[in-house]
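Working notes, beginning with the structure itself.
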Amino acid sequence: MAYLTKLAGALGWCPTPSSNRSTIESESSSLLASLLTMAWFVEARDPYTGGHLWRVSRYAHLVAKRAGMSGAQVARISLGGFLHDLGKIGVPDAVLRKNDRLTEEEYEIIKTHPSMGARMLAGHPLADLVQDAVRLHHERPDGKGYPMGLAGARIPEMALVVGVCDAFDAMTSHRPYRAGMPLEKALGIIETEAGNQFDSRFAKMLIELGREKELDHVMGHSDEGIPLQHCPNCGPTLVLTKRSQAGQSLYCRNCAGQFQLISRDGGLFAKPTGRMGRPSDLEPELDTELVQRNGQRGRCSFAQR
Ligand SMILES: [Fe+2]
Ligand SMILES: [Fe+2]
2 MAYLTKLAGA LGWCPTPSSN RSTIESESSS LLASLLTMAW FVEARDPYTG
52 GHLWRVSRYA HLVAKRAGMS GAQVARISLG GFLHDLGKIG VPDAVLRKND
102 RLTEEEYEII KTHPSMGARM LAGHPLADLV QDAVRLHHER PDGKGYPMGL
152 AGARIPEMAL VVGVCDAFDA MTSHRPYRAG MPLEKALGII ETEAGNQFDS
202 RFAKMLIELG REKELDHVMG HSDEGIPLQH CPNCGPTLVL TKRSQAGQSL
252 YCRNCAGQFQ LISRDGGLFA KPTGRMGRPS DLEPELDTEL VQRNGQRGRC
302 SFAQR
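Following this line, the structure appears as structure tokens:
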């Protein structure tokens, strides 16, 4: 998750020259850290989509950059990508962690997450930075999206970028009931749906990036240089971090299976031990080290944004 550290730095687009700069800096970095922590709650609750927020954030960053947006806009859209599914915190486990296709009623429950996320975020002092991504990432240019059914130019750019990147990651990620699509198939669907489900301009950019192999280091990864690994027993993602090392134990938070990390082919491989983890082993891990690092390194003044 070193990417988030860079993101926090990139958000420092307006250093303040005032005498109370250090106070403002530390306040703004604490606020940013609290936003990032909120995003982590979502990742911690859903064992099936490990790294989804990071990947959507990375894809959104690449598309916004290709669109020629300013550094501040790119950083803001990346942050929106990381926060977009915040409202899933409020979706019941039986729906969020279901390892089968959703029924129509369950899908209706999932569809509440953009509004729920917007309400949860509303009290945060930095809510404005990412509110469009959280509330509107399932809107569609043809007006058939939710929760508002906005169409065309009424959908903010941040929501359009995050929307196409979110769908691309959903298509190319494995689920317990289906394998992720190959890159070209997912890009073909985005091409077909450009102008309907997805914004034509941003869809075109994502397709270009995909065909130029610029998405390869993100697709199938949960962090830079960390390929996704899946529990062979039940399917969910085993989340490795930059701090993971050979010899460490790792647990599937769905089936409780224990794995040991071993070095293989220059990377780490999770080998099943045949043992089960205790409840305390299965607690979701918040990357507090990352959040603290962001808080310390934050150099931005949101007071002047
Ligand atoms: Fe979503
Ligand atoms: Fe999502």
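In this note's numbering, the protein residues as written are 2 to 306. Beta carbons: idealized from backbone N, C-alpha and C, even for Gly. Nothing here was measured: the structure is a model prediction, and the numbers come from that model.
Exposed or buried, which one is Pro115 when buried takes at least 16 other CB atoms within 10 Å?
By one-based count along the sequence shown, residue 115 stands at place 114. Per the 10 Å Cβ criterion, buried.
Beta-carbon spacing of Ala40, Leu84 below 8 Å:
Here residue 40 corresponds to residue number 39 of the sequence shown, with the count starting at 1. Here residue 84 corresponds to residue number 83 of the sequence shown, with the count starting at 1. Contact: yes.
Compare the C-alpha of Phe393 against each of Arg212, Ile191, Lys214 and Glu213 and name the closest.
Since the first residue shown for the chain is 2 and the last is 306, residue 393 is missing from the structure and cannot be characterised.
Where Gln249 sits in the DSSP three-state scheme:
The sequence position of residue 249 within the sequence shown is 248, counting from 1. Gln249 falls in the coil class under three-state DSSP.
Can you give me the C-alpha to C-alpha distance between Phe42 and Ile90, rounded to a whole angstrom?
Residue numbering aside, residue 42 sits at position 41 when the sequence shown is read from its first letter. Residue numbering aside, residue 90 sits at position 89 when the sequence shown is read from its first letter. In this structure, the alpha-carbon of Phe42 lies about 7 Å from that of Ile90.
For Ser79, count neighbouring Cβ atoms within 10 angstroms of its own Cβ and tell me buried if that reaches 16, exposed if not.
Walking along the sequence shown from the start, residue 79 turns up at place 78. By the beta-carbon neighbour count (other beta carbons within 10 angstroms, threshold 16), Ser79 is buried.
Note the first and the last residue of the continuous alpha helix (DSSP H) segment covering Asp224.
Your numbering for residue 224 matches position 223 in the sequence shown. It is not in any alpha helix (DSSP H) - Asp224 instead sits in the beta strand (DSSP E) that spans His222 to Asp224.
Closer than 7 Å to a non-hydrogen atom of ligand 1 - does that hold for the CB of Asp94?
Position 93 of the sequence shown, counting from 1, holds the residue named residue 94. Not so, every heavy atom of ligand 1 lies at least 7 Å from the Cβ.
Helix, strand or coil for Gln74 per DSSP?
By one-based count along the sequence shown, residue 74 stands at place 73. In the three-state reduction of the DSSP assignment, Gln74 falls in the helix class, which pools H, G and I.
Which residues bound the alpha helix (DSSP H) around Ala168?
What you label residue 168 is simply residue 167 of the sequence shown in a count that begins at 1. Ala168 -> alpha helix (DSSP H) spans Glu158 to Thr173.
Going by beta-carbon coordinates alone, are Gly211 and Leu184 separated by less than 8 Å?
On the sequence shown, position 210 is the one that residue 211 refers to. On the sequence shown, position 183 is the one that residue 184 refers to. Going by C-beta atoms, Gly211 is nearer than 8 Å to Leu184.
Can you tell which of Leu87, Leu127 and Val163 has the C-alpha that lies nearest to the C-alpha of His139?
Within the sequence shown, the letter at position 138 stands for residue 139. Nearest option by C-alpha distance: Val163.
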